[in-house]
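Numbering (UniProt numbering), first residue to last: 1 to 201. Cβ coordinates follow ideal geometry from the N, Cα and C atoms, glycine included. Please read these numbers as outputs of a predicted model, since none were measured by experiment. Comments concern the structure below.
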């Protein structure tokens with residue numbers, strides 16, 4: 001990982017205009033001195049644009065801002081989100097430390113180059129594991145939704161045709177094959193037509 005995007009807010013952006021000794025604690029200074037290519041911005045639209053060329057986003061903002069910024073970034077591109085925990089961002093985050101925050105790692109100004117490397121490496125692994133979990137969760141929710149429609153359609157067929165659940169399932173399966181559709185699509189059609197007829201009674 002070489003290309004990093006640092007996102008500031010208004011208060012952390014003013015830190016960059018401080019005296020030279022304090023500047024050495026800024027994320028862009030530290031990360032550049034460790035060989036990383038760094039861009040930084042406090043503008044959300046620019047952050048979303050530059051994110052496309054970055055391998056991670058370093059959030060130099062209070063914790064309360066992370067949950068507002070993160071979804072906008074991640075709808076653009078999946079990258080590790082790493083919080084830069086400076087004395088300023090920490091002091092602005094005291095009330096938010098119990099919040100459920102979506103970050104993959106934490107960096108501090110006192111870390112050595114190898115510690116920074118390992119945090120970024122770990123953050124990348126964490127980010128893609130969480131994406132995989134989110135994808136699996138979405139797939140399971142989708143399957144549960146499909147199961148719901150199929151079960152409702154089976155119930156309707158059992159009631160109307162006076163058949164068993166197994167027979168209703170087999171009827172749905174055959175209809176789906178005949179129409180060259182997914183079983184859930186046939187089931188959804190049956191349920192919606194049934195609900196429409198019931199509402200007209």
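For residue i: DSSP bridge partner residues
i	result
residue 38	4
residue 150	According to DSSP, residue 150 bridges with nothing at all.
Beta strand (DSSP E) segment containing residue i, residue limits
i	result
residue 82	81 to 84
residue 107	105 to 107
Supposed contact pair residue j and residue i - C-beta distance, whole angstroms, cut 8 Å
i	j	result
residue 107	residue 55	That belief does not hold up - the Cβ atoms of residue 107 and residue 55 are roughly 14 Å apart, past 8 Å.
residue 101	residue 69	Incorrect: roughly 11 Å between the Cβ atoms, too far for contact.
residue 156	residue 191	7 Å
residue 41	residue 63	That belief does not hold up - the Cβ atoms of residue 41 and residue 63 are roughly 19 Å apart, past 8 Å.
residue 53	residue 72	Not a contact, Cβ separation roughly 17 Å.
residue 28	residue 116	Their Cβ separation, rounded to whole angstroms, is 13 Å, which puts residue 28 and residue 116 out of contact at 8 Å.
residue 2	residue 37	6 Å
Unbroken alpha helix (DSSP H) run spanning residue i, endpoints
i	result
residue 90	87 to 91
residue 28	27 to 33
4 or more residues per run - each alpha helix (DSSP H) lying fully within the UniProt domain "ANTAR" (130 to 191) | 165 to 179
Hey, which unbroken runs of the alpha helix (DSSP H) at 4 residues or more fall wholly within the region 44 to 76?
-> 44 to 51 and 63 to 74
Decide yes or no for the touch test of the region 144 to 158 against the region 119 to 128: beta carbon pairs closer than 8 Å, at least 3 of them.
-> no
How do the region 81 to 89 and the region 43 to 63 stand: do at least 3 beta-carbon pairs fall below 8 Å, yes or no?
-> yes
Meets three-Cβ-pair contact criterion under 8 Å: the region 186 to 196 and the region 164 to 178 = With a cut-off of 8 Å, the region 164 to 178 and the region 186 to 196 count as touching, because enough Cβ pairs lie within range.
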